[in-house]
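Number of protein chains: 2
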Amino acid sequence: MPYELFYWPGIQGRGEFVRLALEEAGAGYIDVARGHGPGRGVEAMTALMGVRPLAPFAPPFLRDGDVVVSHVANILAFLGPKLGLAPQDEALRLHAHGLQLTIADFVAEVHDTHHPIAAELYYEDQTAEAKLRAKAFLDHRVPKYFGYFERALEANSAGPAYAVGDGLTTVDLSLFQLWAGMGYAFPRAFADARDRWPHLAALAAAVARRPNVARYLASERRLPFNEQGIFRHYPELDQPAKHGF
Amino acid sequence: MPYELFYWPGIQGRGEFVRLALEEAGAGYIDVARGHGPGRGVEAMTALMGVRPLAPFAPPFLRDGDVVVSHVANILAFLGPKLGLAPQDEALRLHAHGLQLTIADFVAEVHDTHHPIAAELYYEDQTAEAKLRAKAFLDHRVPKYFGYFERALEANSAGPAYAVGDGLTTVDLSLFQLWAGMGYAFPRAFADARDRWPHLAALAAAVARRPNVARYLASERRLPFNEQGIFRHYPELDQPAKHGF
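First to last, the sequence lines map onto chains A and B. Using this note's numbering, the letters of the first sequence correspond one by one to residues 12 to 256. Using this note's numbering, the letters of the second sequence correspond one by one to residues 12 to 256.
What follows is the structure, given as structure tokens:
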């Protein structure tokens, strides 16, 4: 039975981290809210959110038979071993989950660059604050996070080709997505990213070349980045960061 | 060998969610950064953050022998089964982790009520924006999150005494901490919380009465809430929420 992924149609958003894992593994899955007909579409997703017990707080969530798993990192910790995208060793698996949660925190901070005051308001109603927050994000938070991820690659005793251990994990796929998203949302600030974080750049390029990922990225299943998702390109928020980033 | 908890001394902060689990279980642990002498203190914590591989991104993190676990939800997923504070059933355990991650998201939003623009700036430099964000938080986000947690208690087929299954888990302890923190930070907005979310109120009271928790709360190990932590009481951010909250 295929996995059922529940996420908003029309955006990559947080669902994309799960899609990338399913696509890399060649796993059968249904992107429920993007479908049509009985049991498909946004209505099917929101209906399931009301089902008790075990109702998720928000998309994305995944259904595998009777099991419902919510939150990106939780979903990936659940799927990773099943898809061959998790380390075997317990200490490494805990480390991978920690990295995945750090990635989740970064994603929340990216979101708040365009919604620093309220998710319920339009971007246009908080642009002034968004400029301030985006500047602090580019000056301080991006170097902190990306510097950390770069060091995680450097520190991998199996080499910098993967974030954890000697094989591809969901963390690598998610780091690719951060890289792609930053390049889309902040092309000026991210212009010299390749020089700044070379291991991350190489990892992102290697992930994009993997046959299943490349096929996915070229397909219509890969939604384009847009200004409804997490990574949004608002030129007024994008600026060369302090110290040349 | 006792667990070693690494977190900033002087605040409850995110470390408190871990402390509550260790204290409830009566587990031996060392609060490393609050200690003195060799291998203790903030220096010992920051030194460990530089150790490669498996360095954590930020406190809190936990060391158990050779294993280092970072992020509150990851730590609690690791500790829960060892401390008897996790459900046995896999579906329930995944649900508990999802709830724990929802709690983590709420904590990040609480933090951003006083730091909506930049963690690197003082509160005093972003008070105007903090007022806007706090209002949106109290009007929209708190009802959304607490309404969800209340429904999770209602929906528990074993009854509303616990969030997941028929026994105490880390989720219940964490919900107590959210309840206590909101009462401290936003006493006006939270004044009628007991009427609004009665199951949560009962849960928080029941947790506070548990012998080990009560002993801990009365001890000097329980740091008081203060204006360096996550839950800060700034009267200008506290206001009766829309619709009487």
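We treat Cβ as the ideally placed atom computed from N, Cα and C, and that holds for glycine.
Buried versus exposed, by CB contacts within 10 Å (16 or more), residue i
i         : result
B:Gln-99  : exposed
B:Gln-23  : buried
A:Ala-145 : buried
B:Thr-180 : buried
B:Gly-26  : buried
A:Val-153 : buried
B:Phe-256 : Interpretation of B:Phe-256 is limited by its pLDDT of 41, a score under 50 that renders its predicted location unreliable; no figure is taken from the coordinates.
A:Ala-44  : buried
B:Met-56  : buried
A:Gln-188 : buried
A:Glu-15  : buried
A:Ala-185 : Sequence check: residue 185 of chain A is Ser here, not Ala. Classification for A:Ser-185: buried.
Within-8 Å CB hit, residue i to chain B
i         : result
A:Glu-238 : no
A:Pro-64  : yes
A:Leu-149 : no
A:Asn-223 : no
A:Pro-67  : yes
A:Ala-102 : yes
A:Phe-17  : no
A:Phe-187 : no
CB contact flag (residue i, residue j, <8 Å)
i         : j         : result
B:Arg-205 : B:Ala-196 : no
A:Ile-128 : B:Pro-251 : no
B:Leu-103 : B:Val-175 : yes
A:Gly-109 : B:Asn-85  : yes
A:Val-83  : B:Leu-105 : no
B:Glu-131 : A:Ala-147 : yes
A:Asp-136 : A:Ala-200 : no
A:Leu-214 : A:Leu-164 : yes
A:Asn-167 : A:Gly-37  : no
A:Tyr-134 : A:Ala-141 : yes
B:Gly-39  : B:Pro-71  : no
B:Leu-87  : B:Ala-169 : no
Candidates the options: closest to residue i by CA position
i         : options                                   : result
A:Gly-50  : A:Ala-38, A:Phe-17, A:Leu-33, A:Val-29    : A:Phe-17
A:Asp-123 : A:Asp-249, A:Ile-241, A:Gln-250           : A:Ile-241
B:Ile-41  : B:Arg-74, B:Glu-35, B:Ala-66              : B:Arg-74
B:Phe-68  : A:Leu-143, A:Gly-61, A:Gln-111            : A:Gln-111
B:Glu-35  : B:Gln-239, B:Gly-178, B:Pro-246           : B:Gly-178
B:Trp-190 : B:Tyr-227, B:Ala-38, B:Ile-114, B:Ser-168 : B:Ile-114
A:Val-218 : A:Trp-19, A:Pro-13, A:Phe-28              : A:Phe-28
B:Gly-76  : A:Val-53, A:Glu-101, A:Pro-92             : A:Glu-101
A:Gly-91  : A:Ala-119, A:Arg-30, A:Arg-232, A:Lys-155 : A:Arg-30
A:Val-62  : B:Tyr-159, B:Ala-172, B:Pro-209           : B:Tyr-159
CB contact below 8 Å: residue i versus chain A
i         : result
B:His-210 : no
B:Ile-128 : yes
B:Tyr-159 : yes
B:Glu-131 : yes
B:Ser-168 : yes
B:Ala-216 : no
B:Asp-203 : no
B:Thr-57  : no
B:Phe-256 : Bear in mind that the predicted position of B:Phe-256 carries a pLDDT of just 41, short of 50, making it unreliable; the figure below should be weighed with that in mind. Answer no: the Cβ-Cβ gap between B:Phe-256 and chain A never drops below 8 Å.
The ligand SAM heavy atom lying under 7 Å from the CB of residue i
i        : result
A:Ala-84 : This structure lacks the ligand SAM, and indeed carries no ligand of any kind.
Residue i: contacting residues in chain A (beta-carbon distance under 8 Å)
i        : result
B:Val-80 : Leu-105, Gly-109
Listed by chain order, chain A residues near residue i by CB distance under 9 Å
i         : result
B:Arg-144 : Pro-127, Ile-128, Ala-129, Glu-140
B:Asp-77  : Ala-102
Chain-ordered neighbours of residue i on chain B, where CB pairs are closer than 7 Å
i         : result
A:Ala-229 : Under the 7 Å cutoff, chain B gives no residues; its nearest Cβ is about 32 Å from A:Ala-229.
Contacts of residue i in chain A (Cβ-Cβ under 7 Å)
i         : result
B:Leu-112 : His-82, Ala-84, Asn-85
Proximal residues of chain B, C-beta to C-beta of residue i below 8 Å
i         : result
A:Ala-119 : Asp-116, Ala-119
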